[in-house]
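Using this note's numbering, the letters of the sequence shown map in sequence onto residues 573 to 926.
Taking it in order: structure first as structure tokens, then the write-up.
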Amino acid sequence: MILGSSIALGIYVPALSVKKQLEKLGNHADLICLEELYRDKESVMEETKRSFHNDFRLAKLSYRIPTRNKSALDPEAAEKFRQELTFKKYDLIISFSGFWTEFLNQLQKECSHYADRIALIHMDAGLSLSWKGSDRSKMKEYWLYRLEDHTVFCTLEKAKPLSKKSRRILVHGGGWGIGEYQSKITRLNELGFPLDIIVYYPEEADPSDTQNDYYLLNPVWKNDSDKTEYPQLLKYQSGNWTTFADNHQINPVRSLIENDIAILSKPGGGTLSDSLITSTPLILSEELASYEKENGIMWEQCGFGIWFEEFLTLPEKEQALQKMQQRLYLTAADLPVITDLLYSSVCERSDYHE
573 MILGSSIALG IYVPALSVKK QLEKLGNHAD LICLEELYRD KESVMEETKR SFHNDFRLAK
633 LSYRIPTRNK SALDPEAAEK FRQELTFKKY DLIISFSGFW TEFLNQLQKE CSHYADRIAL
693 IHMDAGLSLS WKGSDRSKMK EYWLYRLEDH TVFCTLEKAK PLSKKSRRIL VHGGGWGIGE
753 YQSKITRLNE LGFPLDIIVY YPEEADPSDT QNDYYLLNPV WKNDSDKTEY PQLLKYQSGN
813 WTTFADNHQI NPVRSLIEND IAILSKPGGG TLSDSLITST PLILSEELAS YEKENGIMWE
873 QCGFGIWFEE FLTLPEKEQA LQKMQQRLYL TAADLPVITD LLYSSVCERS DYHE
């Protein structure tokens, strides 16, 4: 059982990726998002997303205050799901969000089967907001990378083969379109880099722009735990939004990244993972919270990324990005994949049966 969240794509997409990889290994893997146990909060969440997208200072202020909104959970839905887990007795529960930990601690108290069958996956180099204040003492933690250890431990997926990239730079603000990335567009164009820009509302595409391409996460896309499809990406062409990729089993944003020479974004955990898997350096814009600052510091120290203002001072920008690309690939190519580690932990159990 994989526990994720559909609010943050930096959690949902990795959780979906792990599900698909485990299934390729011949396992049955279910995925549920925390919001499926919530009371109806959809309209409030959409208002919050737009507010944070429009006002980065407001978003940063909100992320300084860790919250655990217990009132959002439907007690009956949570209890029903806990009973389901107790009955089915999964070989392993994998959580990508710290907001599940209180639920999981209660599950362990009620069902001894899960005493050592819960794995927690950290997508950031430091302790992110959802994990702070959570009791993780009886669960096994996995880090992809950790600033405290100055180490990259594993990848979310097997690294892509090193290939020649275009001069294009992908520009985005994470799943909610948060950050100062939009203010960097003109400067990157002046430096001669064409851009692939992910906007968050259709009206943000510039019809007169002939230098850059615009993309949009389909506004009508909704997570469906039965289908478990990647969010659909649309491309702006001749005044219309058309489907960029029809195969919902492939991450369309990753397809863009694979071809581009760099990503300009705030240093979110999902973006770090994309960078590592595709050997695509990060040009780092201002972080949202302290754990993203740690992400940026880690990528800079590893030689995988560079802060935007420093990038502007480089005399040979393209060559510098290519060196980072090589560094990323040489690192990622030798790393284990998180699904292999998780699968091994299950197979090593004496009570595991195919």
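Heads up, the beta-carbon is just placed ideally off N, CA and C, and yes, glycines get one too.
A quick note: this is a predicted structure, and the numbers were derived from the prediction, not measured.
**Report entry** Alpha-carbon spacing of G670 relative to L692, whole angstroms
**Finding:** Numbered from 1 along the sequence shown, position 98 holds the residue referred to as residue 670. Numbered from 1 along the sequence shown, position 120 holds the residue referred to as residue 692. Looking at the two C-alpha atoms, the distance is approximately 8 Å.
Whole-angstrom C-beta distance between E830 and K732, which should lie under 8 Å = By 1-based counting over the sequence shown, the position of residue 732 is 160. By 1-based counting over the sequence shown, the position of residue 830 is 258. So it is a contact: roughly 6 Å between Cβ atoms.
Unbroken beta strand (DSSP E) runs of length 3 or more, entirely within the stretch 655-714: which are they?
665-667 and 690-694
Point to revise | Beta-carbon contacts of S845 that lie in its chain and below 6 Å, excluding the five residues immediately before and after | key: Numbered from its first residue, the sequence shown carries residue 845 at position 273. L728, listed in sequence order.
Identify which residue in V909, F880 and S735 has its Cα closest to the Cα of P755. To locate residue 755, count along the sequence shown from 1; it is residue 183. In the sequence as presented, Pro is not what sits at residue 755; that position holds Ser. Cα-wise, what sits closest to S755 is F880.
Problem set entry | Helix, strand or coil at T843 according to DSSP, with G and I counted as helix | For this step, residue 843 is matched to residue 271 along the sequence shown. DSSP places T843 in helix when its eight states are reduced to three.
How is the beta strand (DSSP E) around C605 delimited, first residue to last?
Mapped onto the sequence shown, residue 605 falls at position 33. Note, C605: beta strand (DSSP E), L603 to C605.
>> How far does the alpha helix (DSSP H) with D912 in it extend, from its first residue to its last?
In response: Translated into the one-based positions of the sequence shown, residue 912 becomes position 340. Start and end: I910 to C919.
* What is the residue span of the alpha helix (DSSP H) that I568 lies within? -> Limits of the chain in this structure are 573 at one end and 926 at the other, which puts residue 568 out of reach.
Original post:
The alpha helix (DSSP H) spanning I829 covers which residue range?
Top reply: Here the question's residue 829 lines up with position 257 in the sequence shown. Element bounds for I829: P824 to N831.
Q | Span separating the alpha-carbon of I604 from that of S577 | A | For the purposes of this step, residue 604 is taken as the residue at position 32 of the sequence shown. For the purposes of this step, residue 577 is taken as the residue at position 5 of the sequence shown. Answer to the nearest angstrom: the Cα atoms are 8 Å apart.
Chain-order list of residues whose beta-carbon lies under 8 Å from that of A687 (same chain, five-residue window excluded)
Residue numbering aside, residue 687 sits at position 115 when the sequence shown is read from its first letter. Around A687: Q680 and K710.
Status (buried if at least 16 other CB within 10 Å, exposed otherwise) for K652: Sequence index remark: in the sequence shown, residue 652 carries index 80 (1-based). With fewer than 16 other Cβ atoms within 10 Å, it is exposed.
key: Alpha-carbon spacing of W793 relative to P824, whole angstroms   = For this step, residue 793 is matched to residue 221 along the sequence shown. For this step, residue 824 is matched to residue 252 along the sequence shown. Taking the straight line joining both Cα atoms gives about 14 Å.
- prompt: Roughly how many angstroms separate the alpha carbons of A580 and G745, rounded to a whole number?
  reply: Stepping through the sequence shown from its first residue, residue 580 is reached at position 8. Stepping through the sequence shown from its first residue, residue 745 is reached at position 173. Taking the straight line from one Cα to the other gives about 12 Å.
Query raised in the report: Measuring CB to CB, does V724 end up less than 8 Å from L907?
Result: Position 152 of the sequence shown, counting from 1, holds the residue named residue 724. Position 335 of the sequence shown, counting from 1, holds the residue named residue 907. Result yes, Cβ atoms of V724 and L907 sit closer than 8 Å.
**Request:** Give me the Cα-Cα distance between E926 and E682, rounded to the nearest whole angstrom.
**Result:** As a first step, residue 926 is located in the sequence shown; it is residue number 354 there, counting from the start. As a first step, residue 682 is located in the sequence shown; it is residue number 110 there, counting from the start. The pLDDT assigned to E926 is 49, lower than 50, so where the model puts this residue is not dependable, and the model offers no usable value.
Q.
Which residue wins for smallest C-alpha separation from A905, given the options L856, L893 and I849?
A. Numbered from 1 along the sequence shown, position 333 holds the residue referred to as residue 905. Closest by alpha carbon: I849.
One question on the structure: do V909 and C726 come within less than 8 Å of each other, judged by their Cβ atoms? Locating residue 909 in the sequence shown gives position 337, where the first residue counts as 1. Locating residue 726 in the sequence shown gives position 154, where the first residue counts as 1. In this structure, C726 lies closer than 8 Å to V909 by Cβ.
Can you give me the C-alpha to C-alpha distance between Q678 and V918, rounded to a whole angstrom?
Numbered from 1 along the sequence shown, position 106 holds the residue referred to as residue 678. Numbered from 1 along the sequence shown, position 346 holds the residue referred to as residue 918. Rounded to whole angstroms, Q678 to V918 spans 22 Å at the Cα level.
Look at I835 and I822 and say whether their C-beta atoms are less than 8 Å apart. Sequence index remark: in the sequence shown, residue 835 carries index 263 (1-based). Sequence index remark: in the sequence shown, residue 822 carries index 250 (1-based). Contact: no.
(request) Enumerate in chain order the residues of its own chain whose CB-to-CB distance from Y662 is below 6 Å, with the five nearest sequence positions on each side excluded. (result) Looking up residue 662 in the sequence shown gives position 90. For Y662, where only same-chain residues beyond five positions count, the Cβ hits under 6 Å are M573.
task = Look up P863 in the DSSP assignment and say whether it is helix, strand or coil.
result = Along the sequence shown, one-based indexing puts residue 863 at 291. In the sequence as displayed, the identity of residue 863 is Tyr instead of Pro. It is helical.
Exercise for the section: Quick one: give me the first and last residue of the beta strand (DSSP E) that Y786 is part of. Expected result: What you label residue 786 is simply residue 214 of the sequence shown in a count that begins at 1. D785 to L789 is the extent of the beta strand (DSSP E) around Y786.
- Message: By the three-class DSSP mapping on this structure, what secondary structure does G945 have?
- Response: Because the chain here runs from 573 to 926, residue 945 falls outside it and cannot be looked at.
Quiz prompt | Coarse secondary structure for D906, derived from DSSP in three states | solution = The sequence position of residue 906 within the sequence shown is 334, counting from 1. Here D906 sits in coil by DSSP.
In whole angstroms, give me the CA-to-CA distance for C874 and H722.
Numbered from its first residue, the sequence shown carries residue 874 at position 302. Numbered from its first residue, the sequence shown carries residue 722 at position 150. Each residue's Cα considered, the two are about 8 Å apart.
Below 8 Å between beta carbons: does that hold for P839 and Q897? Sequence index remark: in the sequence shown, residue 839 carries index 267 (1-based). Sequence index remark: in the sequence shown, residue 897 carries index 325 (1-based). Not in contact: P839 and Q897 (Cβ atoms no closer than 8 Å).
Alpha carbon to alpha carbon, how far is K660 from L597? Along the sequence shown, read from residue 1 onward, the residue named residue 660 stands at position 88. Along the sequence shown, read from residue 1 onward, the residue named residue 597 stands at position 25. If I take the Cα positions, the gap works out to 20 Å.
Practice prompt. Sort Y772, D778 and P774 by Cα distance to T758 and report the nearest one.
Written response: Along the sequence shown, read from residue 1 onward, the residue named residue 758 stands at position 186. Cα-wise, what sits closest to T758 is D778.
Please classify A601 as buried or exposed, where buried requires at least 16 other C-beta atoms within 10 Å of its C-beta. Along the sequence shown, one-based indexing puts residue 601 at 29. Burial call: buried.
R837, DSSP secondary structure in three states: As a position in the sequence shown, residue 837 is number 265, starting the count at 1. The identity of residue 837 in the sequence shown is Ser, whereas the question assumes Arg. Note: S837 maps to strand in three-state DSSP.
Open item on the list: Here's the rule: buried if 16 or more other CB atoms are within 10 angstroms of the residue's CB, otherwise exposed. What is R689?
Closed with: Your numbering for residue 689 matches position 117 in the sequence shown. Answer is buried; the Cβ neighbour count reaches 16.
> Do you know how far the Cα of A697 is from the Cα of L716?
Replying inline: Indexing the sequence shown from 1 puts residue 716 at position 144. Indexing the sequence shown from 1 puts residue 697 at position 125. Cα to Cα, the separation comes out at about 8 Å.
Item checked: Where K632 sits in the DSSP three-state scheme -> The residue you call residue 632 lines up with position 60 of the sequence shown. The pLDDT assigned to K632 is 47, lower than 50, so where the model puts this residue is not dependable; a value taken from the coordinates is nonetheless given after this. In this structure, K632 counts as helix in the three-state DSSP scheme.
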